[in-house]
Every structure is written in C-alpha cells, then in structure tokens.
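First comes the structure, then the notes that go with it.
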Amino acid sequence: MARSIQVLGIDAGGTMTDTFFVDAEGNFVVGKAQSTPHDESVGVINSSKDALAQWGLTVEDVFPQLVTAVYSGTAMLNRIVQRKGLRVGLIVNRGLEDFHRMGRSIQSYLGYSYEDRLHLNTHRYDPPLVPRELTFGVTERIDMFGNIVIPLREEEAYEAARNLVEQNVEGIVISFLHSYKNPVHERRVRDIVLEVVREAGKAIPVFASSDYYPVRKESHRTNTTILEAYAAEPSRKTLVRINERFKQLGARFDLRVMASHGGTISWKAKELARTVVSGPIGGVIGARSLGERLGYRNIAATDIGGTSFDMALIVQGQFTIQHDPDMARLVLSLPLVQMDSVGSGAGSYVRIDPYTHAIKIGPDSAGYRVGVCWPESGVETVTISDCHVVLGYINPDNFLGGQVKLDPQRAREAIEEQIARPLGLSVEEAAAGVIELLDTRLRDHLRAMISGKGYHPSDFVCFSYGGAGPVHTYGYTEGLEFEDIIVPAWAAGFSAFGCAAAEFEYRYDKSLDINVAPDAGAAEKLEAVKVLQSAWSELAEKVIEEFRLNGYATESVTLFPGYRMMYRGQLNDLEINSPLSRVEKAEDWDRLTEAFEETYARVYAKAARSPELGFTITGAIMRGIVPSVKPRIPEEPLGDATPPNEAYRGQRPFYFRGKWVKADIWDMDALKAGNRIEGPAIIEAPATTLVVPPGWSTTLDAHRLFHLKRR
Ligand code: AMP
Ligand code: MG
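Letter by letter, the sequence shown follows residues 2 to 712 of my numbering.
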C-alpha cells in the first residue's frame, strides 16, 4: 500500500531549515537545508525535498495528502533583535509619552553580559520601538479600580490620529493606563483612529492594547502590542507566502505556527506576536510529548545548535510558563515556556581575552557559516566547530551529509595561530581545552537550573538534541548523575518533531484582582467566583472565535480554564489548571484554593503554605484545543546487541583527554534496535553526530533513542 503522509513540522532556524514528515503509521523522515531568509518558503521546500527523497517521494506527491503543517522559525525574533520592524505610531496617556522609551529602566540592562552590567562605559540604550516623535498623548485617566477619573478628550484623539496618518505610519497602537480593567477609553480612541484612517483612504492597522493583551504592567503591555504592529504583520506576510507555496503544491490545510505558550495557532490568528519565540519551544514540546508517551515524567530538555544552548525543565510532565518574560531587550507580557539560554553553540567564536589571556567563547557566532574550516565561509575567527573538526569529533566530509565540505587543515592553522601559540599549547591541547571549557560552562548552567529549583539531576532524565547536542552530550552531563541520558536518533530535527507533536491550541489571559480574606463568608466567595467565571466566559469567546476563523465549530473545541493565584500580600503567583470547568457556587472557591495549595506545596514546601493570609487571584486563563494528527514514536523489535556489519564505517583518530585514540565510526541510520556500542565511537547521521568517548557506551532502544552511559 502507498504511504500516506499526514503531518509536516517545520523549524526554520537562522542556520538550517528542518522539516519533519510523519506518515499514517507514525514513520517519519527528517530533512535539512540551509535557511533562505530572503524568502523562507524556498528553504522550507528544499528541506522538504531532502526529507521526502528518503522515501523516494516528491513534494508534488505529498503536499496534497498532508492533513496539517506546523511552522516555527526565528525570523520574527530576528526582526525584533535587529530592530528592523515597521514604522509604528503610539497613542498613550498625555504626560506619559516618555514611558515607552524608559522601558521601566531595567530594559536597557537586559541581555547584558556580567561585564557589561558592571562597566557603565559599555552601557547602551536601544532606540525605542516607536520613536518619540511618533508618540502622542491624549488626556484621559482610568484608575486601578476601573473608574473614570478624567474623561476622554476626544478632540485630542482626533488630532493624534490625523498627525500619525499624515506621517505615514504603518500601524497605530493605543495603550492607556489600567485599560485591562476598563477598556472604554481605549476602544473609543481605537474607533476614532479607525475613522480618521478610513477618511484618509488608507489601510493602516490599529491595535488597542486591551483588545490584545488585557493584562497589568503598562510597559509590558505596550511593548507587546507594539510588537503586533511592528514585527508580527511582516511575519504574517512570510506565512502567507509559505501558505501560498503549499497551496500551489496542492495542499488543502492551513499552516499553523508554534506559539510561545507551547501550543500552535493558525497563521490567521489575530495575535501573532505570540509566535515570536517558536523554534526552541518546539524542542521542549517534543521532549514533553516523547516523555508523556514513554513514561518519562521529569525531563531536562537540552538543545545545542549553531548559536545557542537552550534548556528547559519538565517536572511531573509539565513545563513552567513565564508571564512577564523579557526578550530581545524588551519587557513583554506574553505567556512563554520557561527556558534558559546560554549564547554558546557550535558556531560560537573562540578568542583569547587580550588582558587576562583567558579563553572566551561567544556570545557572537558564525551561525550558518560554520567556521574557518569552511573555506567558502569567509570566517576568520576560530569557532567551536573548528575544534570539533581538528579533534575528530566531526567528519569533515559528512557535514549536512557531505553537502558542505570542511577543511581540517585550515581549522588547524587558525587554532594554532589564534589560540595555541599565544597560550604556549599544542593545537590538540588548545582545541580540547576549548571543548572542555564549553562543556564545563554548559554543565554548570544545567546544574544551576536544576538545583536552583530545589531538584537534583538524579530525579531527571536528560534529553539531548539539536544538531550539536549529541556531540557534547557526554561533556555537559558528566558527573551530574542524571537518571538516564537520552539522544533521539532524530535529534537534528527534534524541534520540527515537537512542532508536529504540538496541540492546536489557543490561549488567552486576562488580569484580575480577586481578594478573599481567610475568614470570608459565602457571599464574598460567591462574588469572587462570579468575577472569575465572567472573565473565563470572555476569554472562551476569544478562543472559540479564533477556531471559528479556521472553520472549527464550537463543539469541537475543548476548553481548559486556569487561573493565577497567590496568598494575599505575596508578590509571585502560580499558574493553576482549574479543577472545575465552570465556577458558580461559593464552595467552588474552596476547590480553587485547594488546587492552588497542592501546587504550592509541590513548588515550594508543604510547610510554607499560608492559608491564614487569604487568597488572591491575579489572572484568568483560557486554553482551547481541537484534536489534531500527531506523529507516533517509532517502535522496532529489539534485536542483537552487536551492530550489523553494514553500519560500520571504519575508524578515525579522535582526541580525548590528552591523547589520540582510534574511534569506531558507525552509521546511525543503519544501526538496529538493541545494538550496543562501546566507546571510543562516533555515530554519524547526515545532520548530527553522537560522540561516545572512551569509558562510555550507548544502547539503541526500540524507539530509536540512544541511552548514553558511563561505565
Ligand atoms: P542545528 O542548528 O540544530 O541544526 O545544529 C547545527 C549543528 O549541528 C552544526 O553547527 C554542527 O556542529 C552540528 N552537527 C553535528 N553533526 C553534523 C552533521 N553531520 N552535519 C551538520 N551539522 C552537524
Ligand atoms: Mg536547532
């Protein structure tokens, strides 16, 4: 019977574009191609061709059969990092026109290295997303309880709108104080601006913050709404382009996009700024999905690509959601899967600090240009990849399956001149020192992330993926005592796999202030649940509306309400999945506080619970999911421990801990479930390399997961 291909996951990174195709039986192939930032659809199609060729199929065969496709990428984030968005106008409270520019002070310190935080002379302020001349004040004031204190001066709104329209802005954002509590003024100004835009015969999109992110903290809310105008609209064009290419190939589905909260949303979604971080999220979703199906509850998910090391913790099957994250040196109010990143990857530059003579890795990187070892790259500074090639970690003839030819001799010379000679070391010693330094740094971060939360690695399984993850798995896990260390055979396309495994899910948040004293009576509790329920109903309508846009009926949407709660007077709240789908009685309040206290005891400690303070709900959450096709995890019969002969590719010299050893080289795709390989060995795939040093071994299980162990 012919294969039926159902799901496509896409990870369009800054370096590579990965694709992940799944057929009806759950079999999959992974494709890779260089990214094409000028028109991402080209990279996506090239990568798709690369994947499908492994099944002897073409994109024309497959696209008409696909049921769904999920995109993740870094283009929107890059646009923001490089401050290359659209020209946006902003309307705020009169007198607060400089607020956006000040960014709560903290903004100009975000993303700084330790040295830069210490030394004021390196301090730098980014230009604001909206320049001061395109920011206008309008008189009005609503207080924190939602009462109108100063009525809206409509004539000022008309004037601001005319000014902005005249200055040819490409989007207009309105953000007033406390509009999440009472949006009337914001909405009135929105309508005024729309009227002026219409009269001018233009088509400028208008964004009122309360329509998009009705949450506390005006700097965060304003920034996030601005991103909608500034960066999301151009990304929508990219998605339209990809969607069109797919339609030309006969596709009948609509493209979905991985969003920062870990669910996927349609490219038609109103709030596309939610997809600003998508690539690395894919990996975390993939790890959770794999864990869910194979029974791993506590996972340390780690990803190394060309530019960074990203890690996330999954505890009891759940990841943490951050509410006021910062990103690209901006404070934002988006639900974001909590991750830690270190700016070190395989493409990171390696230099000697001229003053301390210490080796410095990153934070900048050669990205897709690999390193000095790629003659065509034009790179002159040593990168981690150069060290890999010199020490025999990476096969210079198998980079992207041989599409990119690397030259170890060039790397050797560069390391000699830039690192080894100044430090009085041999080339091997210098390169191995760099690798060891990187491993130590990653290991320290990983340890800190886990122990900082009060856990120990021995309660966690470590998943290692990304093209360069498996190269360093042994290095950054050594001595941490993880319960198990797992490298999926499809590590290089793991984020794309996560996209294919993600739910079709919308999520909306709304700030609330519900305070209930410890001795509260039924009437007070009843009032509290009414406020919460009305927020849920409002958010549920938004969720259902988004699905309706995609042709899903209300009945097909399953809703999951949640809330954010803390003890009264605390500063940090916790996100809780509601135990009840509706709340309507006073007793329901007690169910909500019980669920909160249970989580609180797990996150902190049982003894830290403080119900005597009373409870506060700070926000309502509504998630909605419709069923979608998912990849299945491979399942092969377990065979012999001895790998088949055809998987053996000979030996090569590999430098490890001060000496050259002969490592066996294996073809990853030709290995069979049950095979066990003793180090020193290197297992090669077209886009990733698993390094098994002397003293280590690995076994391939029935799900094509390598388990790495130290003897
Ligand atoms: P990613 O950004 O996740 O695609 O990872 C890219 C990195 O994977 C490269 O920078 C390499 O260090 C690493 N890698 C390991 N083996 C290979 C291979 N055979 N081809 C390409 N990249 C590889
Ligand atoms: Mg990657």
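Using N, Cα and C, we set each Cβ at its ideal position, and we do this for glycine too.
Straight-line gap, residue i to residue j (C-alpha atoms, nearest Å)
i                 : j                 : result
arginine 711      : alanine 412       : 30 Å
valine 23         : glutamate 418     : 47 Å
alanine 609       : glutamate 219     : 32 Å
arginine 705      : arginine 508      : 33 Å
glutamate 430     : leucine 575       : 48 Å
leucine 614       : glycine 570       : 8 Å
valine 405        : tryptophan 375    : 8 Å
glycine 625       : phenylalanine 498 : 22 Å
phenylalanine 464 : aspartate 702     : 14 Å
isoleucine 81     : glutamate 479     : 37 Å
leucine 87        : glycine 363       : 30 Å
leucine 121       : serine 342        : 24 Å
asparagine 516    : isoleucine 286    : 34 Å
leucine 550       : leucine 533       : 26 Å
tyrosine 350      : serine 538        : 51 Å
glutamine 7       : serine 629        : 10 Å
threonine 583     : histidine 389     : Inspection of the sequence shows that residue 583 is occupied by arginine rather than by threonine. Each residue's Cα considered, the two are about 56 Å apart.
isoleucine 631    : alanine 260       : The sequence given here has lysine at residue 631, not isoleucine. So the two alpha carbons sit approximately 17 Å from each other.
tyrosine 214      : threonine 225     : 8 Å
aspartate 668     : isoleucine 683    : 9 Å
Exposed unless 16 or more other CB atoms sit within 10 angstroms - verdict on residue i
i              : result
isoleucine 173 : buried
glycine 284    : buried
asparagine 244 : buried
methionine 145 : exposed
asparagine 578 : exposed
valine 472     : buried
valine 258     : buried
leucine 447    : buried
arginine 246   : buried
glycine 467    : buried
arginine 330   : buried
aspartate 670  : exposed
tryptophan 661 : exposed
Near ligand 1: residue i beta-carbon under 6 Å from a heavy atom
i                 : result
phenylalanine 464 : no
threonine 689     : yes
leucine 401       : yes
alanine 347       : yes
serine 309        : no
serine 378        : no
serine 49         : no
histidine 73      : Note on residue identity: the sequence assigns serine, not histidine, to residue 73. No, the beta carbon of serine 73 sits no closer than 6 Å to any heavy atom of ligand 1.
serine 36         : no
serine 557        : no
serine 538        : no
serine 366        : no
serine 386        : yes
Same chain, Cβ closer than 7 Å to residue i, five either side skipped, listed in chain order
i                 : result
arginine 217      : Tyr181 and Ser512
glycine 640       : Lys673, Ala674 and Gly675
alanine 52        : Thr20, Phe22, Val30, Val31 and Gly32
phenylalanine 254 : Leu67, Val68, Thr69 and Ala70
glycine 280       : Asp12, Gly14, Ser73, Gly74, Thr75 and Ser496
serine 48         : Thr18, Asp19, Thr20, Gly32, Lys33 and Ala34
Contacts around residue i, its chain only, beta-carbon distance under 8 Å, and the 5 residues preceding and following it disregarded
i                 : result
lysine 203        : Val166
alanine 536       : Lys511, Leu513 and Ala621
threonine 559     : Gly625, Ile626 and Val627
valine 604        : Leu575
phenylalanine 461 : Asn299, Ile300, Ala301, Leu314, Ile451, Phe483 and Glu484
Residues near residue i by beta carbon distance below 6 Å, same chain, minus five either side
i             : result
valine 380    : Ala367, Arg370, Gly372 and Val373
glycine 147   : Lys182 and Asn183
aspartate 354 : Lys361
tyrosine 553  : Val627
threonine 619 : Arg565 and Asp574
glutamate 556 : none
arginine 352  : Lys361
Considering only heavy atoms of ligand 2, list every residue whose Cβ is less than 7 Å from one of them, following chain order. Asp12, Gly14, Met17, Asp19, Gly280, Asp304, Gly306, Gly467, Gly468 and Ser496
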